[in-house]
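Here my numbering is used: the sequence shown runs in plain steps of one and ends on residue 336.
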Amino acid sequence: MGVAFYKALKDGLGPVRKSKKLEIEILGAESLGVRGLCCFIGCGDRNVLIDPGIALGYKRHRLLPHPFQVAVDERIQRKILDRWQSATDIVISHFHGDHVPLADANPFQLNIRQVLGLNPDVRMWVKAPDAYTPIERERAADLALMLKTDLLAETGRHEAMTFSRPVPHGDYNSSDTVMMTRIESERVFVHASDIQLLNEEAVLQILDWRPDVALVGGPPLYLSRLSENQIRNAWRNALRLARGVDCLILDHHLMRNFEGEAWLEKLSRQSGSRVMCSADFMNTPRMLLEASRQKLYRDMPVSPSWHESYGMGTADTDAYWHKAGKLYPDLALL
Ligand SMILES: [Zn+2]
């Protein structure tokens, strides 16, 4: 399966939306510069927006997000809002702030107020409410109330989409869960956010779904609390997926530090199949901006009052956006 196949997946739909081809656009992820795992899937007459949320690591290395990160965040937010308008279905894997708009969003997240009235008829699919944590219950209630919509919580198959039962968000002992989504047309696509490859249940479900393309949340190697045993488990699960899925895209927590890149290369070598991140799939340069935060501050110093001013709407990101364009010309800016 070569480059032409992936290109066909991305370019396949063209103007003919009923061709049943599968069009995959990854909008937000760590390798694209922000936290999240948001994508837009076109298949036949359905347009499915999955995990329409975004975030920036609030503090890394004791630093708030660099304004260039914020500039990228703003542009991806605009894309998500645009796709929100043309979606027939919106799927929310779970209610963490990097996956869903919030009523009390921080300045780097999507706020529910931004999507009010954008697409009143869209169907919204969520996991079973009995799997909500208390904060998820509040956030789901906010969303339903403010958008004046019902949240559809049904596992199993609905037209081209199939939803999993809630599976662990990371390790088995996590109280958080996520819902995975399978979309089938001529090809099969699977979205599996935040499973972190730390539990076998999710991995077996993905393999059982026989995807041609899977977009999966990788392990959080940047967290020092990850044990040797968990890292070994994640590796074993990653190898199984890489061998069982034609096109495996790993991103999210995995790409919050540069160790994630090395992990991907090693996985490609050992599995014999090319594993990629979202930026590779989208054919754009990798932008691991969270991993680069200290460098961004060194290259483009930030006044101590910038974040407060940005929060009040009296500072913007323009100067940093343009400066980054000059400093890093190899980054194809969005
Ligand atoms: Zn997440």
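Glycine included, C-beta positions come from ideal geometry on N, C-alpha and C.
Since this is a predicted model, take the numbers as computed values, not measurements.
Per-residue DSSP class, three states only, for residue i
i: residue 142; result: helix
i: residue 254; result: helix
i: residue 18; result: Because residue 18 sits at a pLDDT of 41, beneath the cut-off of 50, its placement in the model cannot be relied upon, and the following sentence gives the value as read from the coordinates. Three-state DSSP puts residue 18 in coil, outside helix and strand.
i: residue 260; result: coil
i: residue 175; result: coil
i: residue 200; result: coil
i: residue 56; result: coil
i: residue 316; result: coil
i: residue 234; result: helix
i: residue 9; result: Residue confidence is low: residue 9 scores 44 on pLDDT, short of 50, so the model does not pin down where it sits. No coordinate-derived value is stated.
i: residue 161; result: coil
i: residue 91; result: strand
i: residue 4; result: For residue 4, the predicted structure reports a pLDDT of 37, less than 50, and the residue's modelled location is therefore unreliable. The matter cannot be settled from this model.
i: residue 99; result: coil
i: residue 247; result: coil
i: residue 170; result: strand
i: residue 239; result: helix
i: residue 74; result: helix
i: residue 46; result: coil
i: residue 343; result: Any property of residue 343 remains undetermined from this structure, which presents the chain solely from 3 to 336.
i: residue 310; result: helix
i: residue 205; result: helix
i: residue 292; result: coil
i: residue 62; result: strand
Residue range of the unbroken alpha helix (DSSP H) whose run includes residue i
i: residue 125; result: Element bounds for residue 125: not the alpha helix (DSSP H) but the beta strand (DSSP E), 125-127.
i: residue 281; result: 280-283
i: residue 34; result: Counting along the chain, residue 34 falls outside any alpha helix (DSSP H), and DSSP gives it neither H nor E.
i: residue 118; result: Careful: residue 118 lies outside any alpha helix (DSSP H) and carries neither H nor E.
i: residue 217; result: Counting along the chain, residue 217 falls outside any alpha helix (DSSP H), though it belongs to the beta strand (DSSP E) covering 215-219.
i: residue 296; result: 295-301
From the options, residue whose alpha carbon lies closest to that of residue i
i: residue 269; options: 283, 284, 239; result: 239
i: residue 314; options: 68, 108, 56; result: 108
i: residue 71; options: 64, 35, 216, 119; result: 35
i: residue 248; options: 144, 102, 278; result: 278
i: residue 95; options: 151, 296, 217, 289; result: 217
i: residue 300; options: 65, 46, 131; result: 65
i: residue 414; options: 192, 149, 230; result: Since the first residue shown for the chain is 3 and the last is 336, residue 414 is missing from the structure and cannot be characterised.
i: residue 117; options: 333, 136, 88, 228; result: 88
i: residue 131; options: 141, 33, 309; result: 141
i: residue 290; options: 153, 310, 255; result: 255
Close Cβ partners of residue i (< 6 Å) along its chain, the five nearest in sequence each way excluded
i: residue 100; result: 37, 38, 55, 57
i: residue 224; result: 258, 259
i: residue 298; result: 68, 70
i: residue 81; result: 29
Own chain, CB closer than 8 Å to residue i, minus 5 neighbours either side, in chain order
i: residue 241; result: 269, 272, 273
i: residue 302; result: 68, 69, 70, 322, 325, 326, 329
Range covered by the beta strand (DSSP E) that runs through residue i
i: residue 192; result: 190-194
i: residue 184; result: 183-186
Other residues of its chain near residue i: CB distance less than 7 Å, five sequence neighbours each side excluded
i: residue 1; result: Not covered by the structure: residue 1. The range shown for the chain is 3 to 336.
Would the segment 180-187 and the segment 202-217 be scored as touching if the rule is three or more Cβ pairs under 8 Å?
-> Touching, yes.
Report yes or no: do three or more beta-carbon pairs, one from the segment 115-132 and one from the segment 156-176, lie closer than 8 Å?
-> yes
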